[in-house]
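A short write-up of the structure that comes next.
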Amino acid sequence: MSAFMANHGLSGNIMTQSIESIESFAALQLPAPLLTALADVGYETPSPIQAACIPILLAGRDLIGEAQTGTGKTAAFALPLLARLDLAKKVPQALVLTPTRELAIQVAEAFQKYAHHMPGFHVLPVYGGQSMVIQLRALSRGPHVIVGTPGRVMDHLERKSLNLNRLSTLVLDEADEMLRMGFIDDVEWILEHTPKERQTALFSATMPDPIRRIAQRYLREPEQVKIRSATTTVAAIKQRYWQVRGADKLEALTRMLEVEEEFEAALIFVRTKTATVDLAEKLEARGYEAAALNGDMTQGLREQVIERLKSGSLDIVVATDVAARGLDVPRISHVINYDVPYDTESYVHRIGRTGRAGRTGNAILFVAPREMRMLKAIERATRQPIEPIQLPTRGAVAERRVTQFKQQILDVLGEENLDFFYEVVRRMESEENVATRQIAAALAFLAQRERPLQPDGVDVPEYPAAPPRPERPAFAERTERGDRTERPAKAEWTERPPRAERPPREAREPRTFAADQVVRYRIEVGRNQGALPKEIVGAIANEGGIEGKLIGQINLFDDYSTVELPSLPPEVLDILKRTRVRQLPLKIRVAEVGEGDVRRPPAKPRWDKERVPARESPRKSPWETQTQERRPASAEFPSKPPYRSEKKPKPFGKPADKPPVKKRPY
Ligand code: ADP
Ligand code: MG
Numbered sequence: 193m194s195a196f197m198a199n200h201g202l203s204g205n206i207m208t209q210s211i212e213s214i215e216s217f218a219a220l221q222l223p224a225p226l227l228t229a230l231a232d233v234g235y236e237t238p239s240p241i242q243a244a245c246i247p248i249l250l251a252g253r254d255l256i257g258e259a260q261t262g263t264g265k266t267a268a269f270a271l272p273l274l275a276r277l278d279l280a281k282k283v284p285q286a287l288v289l290t291p292t293r294e295l296a297i298q299v300a301e302a303f304q305k306y307a308h309h310m311p312g313f314h315v316l317p318v319y320g321g322q323s324m325v326i327q328l329r330a331l332s333r334g335p336h337v338i339v340g341t342p343g344r345v346m347d348h349l350e351r352k353s354l355n356l357n358r359l360s361t362l363v364l365d366e367a368d369e370m371l372r373m374g375f376i377d378d379v380e381w382i383l384e385h386t387p388k389e390r391q392t393a394l395f396s397a398t399m400p401d402p403i404r405r406i407a408q409r410y411l412r413e414p415e416q417v418k419i420r421s422a423t424t425t426v427a428a429i430k431q432r433y434w435q436v437r438g439a440d441k442l443e444a445l446t447r448m449l450e451v452e453e454e455f456e457a458a459l460i461f462v463r464t465k466t467a468t469v470d471l472a473e474k475l476e477a478r479g480y481e482a483a484a485l486n487g488d489m490t491q492g493l494r495e496q497v498i499e500r501l502k503s504g505s506l507d508i509v510v511a512t513d514v515a516a517r518g519l520d521v522p523r524i525s526h527v528i529n530y531d532v533p534y535d536t537e538s539y540v541h542r543i544g545r546t547g548r549a550g551r552t553g554n555a556i557l558f559v560a561p562r563e564m565r566m567l568k569a570i571e572r573a574t575r576q577p578i579e580p581i582q583l584p585t586r587g588a589v590a591e592r593r594v595t596q597f598k599q600q601i602l603d604v605l606g607e608e609n610l611d612f613f614y615e616v617v618r619r620m621e622s623e624e625n626v627a628t629r630q631i632a633a634a635l636a637f638l639a640q641r642e643r644p645l646q647p648d649g650v651d652v653p654e655y656p657a658a659p660p661r662p663e664r665p666a667f668a669e670r671t672e673r674g675d676r677t678e679r680p681a682k683a684e685w686t687e688r689p690p691r692a693e694r695p696p697r698e699a700r701e702p703r704t705f706a707a708d709q710v711v712r713y714r715i716e717v718g719r720n721q722g723a724l725p726k727e728i729v730g731a732i733a734n735e736g737g738i739e740g741k742l743i744g745q746i747n748l749f750d751d752y753s754t755v756e757l758p759s760l761p762p763e764v765l766d767i768l769k770r771t772r773v774r775q776l777p778l779k780i781r782v783a784e785v786g787e788g789d790v791r792r793p794p795a796k797p798r799w800d801k802e803r804v805p806a807r808e809s810p811r812k813s814p815w816e817t818q819t820q821e822r823r824p825a826s827a828e829f830p831s832k833p834p835y836r837s838e839k840k841p842k843p844f845g846k847p848a849d850k851p852p853v854k855k856r857p858y
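Basically my numbering = 1-based index in the sequence shown + 192.
Below, the structure is given as structure tokens:
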């Protein structure tokens, strides 16, 4: 057995390929259109579960795949399914069952992405809550792949609107979740009602008995693939994690880099080649000396990057696992797992890049709530607890800046010849009759322009504290210190007619608002999710019963947007939290200070370094690319409440009727 197989606990006869050949998708003998699509999305190498499953599924065998969330299971089944499709036959040839509609949509999107160069390919997500009429129409168009939740798929089979006679492959994705959610009977029913000679693949993070029984009963001599985590002892590395919430990862990263005490150089891990370039560029735009390191770069270029990191002309390298393999640069004080690793082993490899040559190392892991399982697996595998960290507060950032500022002054006093400047100060003292201390304070004020030193001036928003583990609470509502400026003391909301006579919600009467208070709210859809201002206006107007003209400025950012609205009462907030745009709940909340600001220049993190005057860069600063949507003048709030609309807000298309377009951040 190869080391690879042993490490991943793969069962015997399946791994016939050498470890080298598994490092490319091409070696897995996927057809060219799929390889092109994978290059488009920037996947460098197959993840372990993909390397193991793709050959099995391509060979038409049944499979049981046991692996945690985030290990890349979707591509592990989607790629071989796509490779085996006959596009000329316009009938469902593959069915994927998922526990939730979100997953159905995600998986369907993944299919779409991987099939980008397969013209005529058609995948259809079907799930409860979506209009039957629309689904029936879509089904009649003959999709090749159906991705659906068990209940709805069963419905269609019973109504005969879905015919699975020509089905060749069935995938049970997240089987344990389906069990947990009580769908197991439906799943069995579907298994009974599909052709017996089909290929079946079952994926699950765990293997409880009922799932094992299903596998025994319905799978034929399945190959088993299990991505097991070997236990390893990790050297003296301080391991911490941050649960991604509130802030986006980039914001969190730059803030952490700013306050980290022992920071010298960082190696940041992301999943894709594209992400290495994107993130390196974003960090450069924020003043860091950063570069990408990935498998697309020539050996020469890669060596150059490593040399620059060693010599100190680079402080941050953003890399994929493969490109950073074996990297030995003692300067690396921090390893940041910006995207979670596929397995505990690659985590151990990653963090082994710091703490070298007897130095202390720091590892920080960013985990989304849905990836908390991976965190636990890592703790088990490394037999070490990983400490949670909070995003540094504004006060902490300010304090750190003041410390650095003082140090910079001391350095200048120690190193520079200041005779000329002493003279300038002396003349100023006598001519203007001001004290040295006053001059010094004014100079400090001038010097801090781009990196404010006072906590109030620090241009970073405050975010809610992370919840204690292992909870996964809904979006938190307040900050640690509760010091937000835009939040009104009390929601002012006058309702007419009075509560008792209020028409039922369905009537969606426009509400009346005390509009003298404009509050900026944050919603969790942005440009990356394809949200359009008019959709946001439509959803808020329609679902919240707020007149369009009361909806003020909307600013779109990559992963969120801000909307100016009259102060909303809790009932309306509740509705709008659940309201969806582009399939995503808005999770509306009052924006933090600074969220939604578009004109603020980026902070210059390396102010203590000599900075070259702003270079002419063809690249736009991230701030310039932000869209500002000014609503027409009529959208400004008039000054006298209350306002009633003459016409009802226009109904807004049901989110479920829209094609899914959500883009995942990878
Ligand atoms: P799982 O189903 O095991 O939870 P997913 O299939 O949802 O995992 O994949 C998690 C993320 O990893 C996705 O964003 C996906 O695009 C990304 N991913 C999957 N395979 C690869 C790969 N070989 N290289 C880079 N990223 C990948
Ligand atoms: Mg999955």
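Positions of the beta carbon are idealized from the N, C-alpha and C atoms, including for glycine.
If distances are taken between C-alpha atoms only, which option among the options comes closest to residue i?
i    : options                : result
A267 : L459, A280, L249       : L249
T361 : R575, L277, T446       : L277
L742 : L748, E735, L757, I728 : L757
P238 : R447, R463, E787, D603 : R463
S759 : L506, R517, V710       : V710
L273 : G262, L255, Q260, T261 : L255
F558 : P533, T552, I728, R404 : P533
E727 : V773, D751, T754       : V773
R409 : E384, K418, I429       : E384
G730 : L778, R478, L493       : L778
E452 : I738, L583, A723       : L583
L371 : T341, R714, E735, F303 : T341
A286 : L354, L506, G504       : L354
Should residue i be counted as a contact of the ligand MG given a C-beta to heavy atom distance under 8 Å?
i    : result
T341 : no
T398 : no
L295 : yes
K265 : yes
E366 : yes
F395 : yes
T261 : yes
V318 : no
V417 : no
V363 : no
V315 : no
V337 : no
V299 : yes
If contacts are defined as beta-carbon pairs under 8 Å, then residue i and residue j qualify, I think. What distance do you get, rounded to the angstrom?
i    : j    : result
T392 : L411 : 5 Å
Y480 : I508 : 5 Å
A457 : I498 : So it is not a contact: roughly 11 Å between Cβ atoms.
T754 : Y713 : 7 Å
K465 : G234 : 4 Å
On the DSSP bridge list, what partners appear for residue i?
i    : result
L289 : G340, L364
A393 : L255, V363
D431 : First, the amino acid is wrong: residue 431 is Gln here, not Asp. A555, per the DSSP bridge assignment.
T754 : R714, N747
V527 : L459, A555
A483 : V509
Q416 : I256
P317 : V339
E571 : Per DSSP, none; premise fails for E571.
E579 : R432
What I want to know is whether the C-beta of residue i ends up closer than 8 Å to one or more non-hydrogen atoms of the ligand ADP.
i    : result
I241 : yes
A731 : no
G487 : no
Y530 : no
G234 : yes
P284 : no
Q884 : Residue 884 is absent from the structure shown; the chain starts at 193 and stops at 858.
A302 : yes
R859 : One cannot answer for residue 859 here, as it falls past the ends of the chain, which runs 193 to 858.
P761 : no
P238 : yes
Is residue i close to the ligand GDP? I mean its beta-carbon at under 8 Å from any heavy atom of the ligand.
i    : result
H336 : This structure does not include the ligand GDP; its bound ligands are the ligand ADP and the ligand MG.
Touch test, the stretch 304 to 319 against the stretch 332 to 341, Cβ-Cβ under 8 Å, three pairs minimum: yes
Contact between the stretch 350 to 367 and the stretch 394 to 404 (3+ Cβ pairs under 8 Å): yes
Cβ pair count under 8 Å reaching 3, the stretch 479 to 495 against the stretch 433 to 442: no
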